[in-house]
Ligand SMILES: Cc1ncc(COP(=O)(O)O)c(C=O)c1O
């Protein structure tokens, strides 16, 4: 097979360790981490290896607070209301482990939630004899009001918790979370906001939104080291809220928190057994690094990523002759584009894009038809030239040129 000529890497891509022989178009699943952040992480690793005893027993608590404060500033949450876990899936699992579901209780999710998060809820419901209610959200067309009506229409007196994404995974819909949380709070239903695509992706304001729980990845749109997400728990639910993995101090917490001067909530999550905690220590470095890419800081970066996403979505829908699926008002920096190839296996298309065109992409099934869709999720290391190249590649595979 002849080697394709790839579009050149944009300037900022050189701040990352991306393979220049690949057109990397799937930041939304696993993004790249800037060299500067990886260097900061290496410095922490060296520190651990020089004196691990000192690091785990004395220093970890102090350095992790730097991440808590920086992240709290970005998403407008009090730093002490945040703890770190390895990923958003773990954030969801920790919340579920702290909800005492009873037989007959109902837990609401939408059909567009991330499978791992639904699976954790499903197991908890099955064990408790509770019901997992999957809301059949509309699709093509979709709009904010219909989404809110669909979810609120399934709330009953037995609804204990509602879990929904800030931006859904495979369908890339920016959900009307502000209104949803307000309406669910008014009905006395606890909310678990899955903001896996949250920090550094779209502006967030936890204090104003008022969820009961929220988890979100630092390793996605903040481009922080892999293995770091935050978990926010509202102050009035922190008492007795404990990690799935209990550590040494769990049943004798008072002396430990007396020494460290932090809440039991912070203390227990900060150390959950010996583990590589360096991803949690470079969140501030990631925020600083992303903030330095453009004069307008991370807000400009988020605006630019969204603008490139809309441009890429329009370019690709035009090139493929399909209609946009989601209104612009419901898009962040991720969008799906329908591909006019009924019956084509999404996995096969993804593999052909890689094998024949060196494109790493996210191809998903259209939930409303039998066509595949491509999800675009531009980051600073992508360019419109890459999306043009990708549109031409898909046209050639599906026989449009
Ligand atoms: C909406 C959503 N929730 C949760 C996750 C899981 O994230 P992680 O693999 O970091 O746990 C993803 C991953 O893509 C996601 O898109």
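Numbering (this note's numbering), first residue to last: 110 to 510. Here a beta-carbon is modelled for each residue, glycine too, at the ideal position from N, C-alpha and C.
To the nearest angstrom, report how far apart residue 252 and residue 435 are at their CA atoms.
-> 8 Å
DSSP three-state assignment for residue 191, whether helix, strand or coil = Three-state DSSP puts residue 191 in a strand.
Please report the residue range of the beta strand (DSSP E) in which residue 203 lies.
-> Residue 203 -> not in any beta strand (DSSP E); alpha helix (DSSP H) instead, spanning 197-206.
Grab the span of the alpha helix (DSSP H) containing residue 240 for me, first residue to last.
-> Careful: residue 240 lies outside any alpha helix (DSSP H), inside the beta strand (DSSP E) at 240-244.
Rounded to whole angstroms, what's the CA-CA distance from residue 391 to residue 166? Just pull it up for me.
-> Put simply, the backbone Cα of residue 391 is about 19 Å away from that of residue 166.
How would you label residue 268, buried or exposed, when you count the other beta carbons within 10 angstroms and need 16 or more for buried?
-> buried
Could you tell me how far apart the beta carbons of residue 467 and residue 115 are, in whole angstroms, since I believe they sit closer than 8 Å?
-> 6 Å
Check each candidate in 333, 346, 431 and 361 and name the one with the smallest Cα separation from residue 321.
-> 346
Alpha carbon of residue 315 to alpha carbon of residue 357, nearest angstrom = 31 Å
Cβ contact check for the stretch 424-442 and the stretch 257-273: 3 or more pairs under 8 Å = no
CB of residue 193 within 8 Å of CB of residue 208, strictly | No Cβ-Cβ contact shorter than 8 Å links residue 193 with residue 208.
So, helix, strand or coil for residue 506, using DSSP?
-> helix
When 330, 366 and 464 are compared against residue 410, the one with the closest alpha-carbon | 330
Expected contact under 8 Å - CB spacing of residue 198 and residue 188 to nearest Å | With 8 Å as the limit, residue 198 and residue 188 do not qualify as a contact, their Cβ atoms being about 23 Å apart.
Tell me whether residue 510 is buried or exposed, calling it buried when 16 or more other Cβ atoms sit within 10 Å of its Cβ.
-> exposed
Going by the beta-carbon positions, is the gap between residue 281 and residue 461 smaller than 8 Å?
-> no
How about residue 303: is its Cβ closer than 7 Å to a heavy atom in ligand 1?
-> yes
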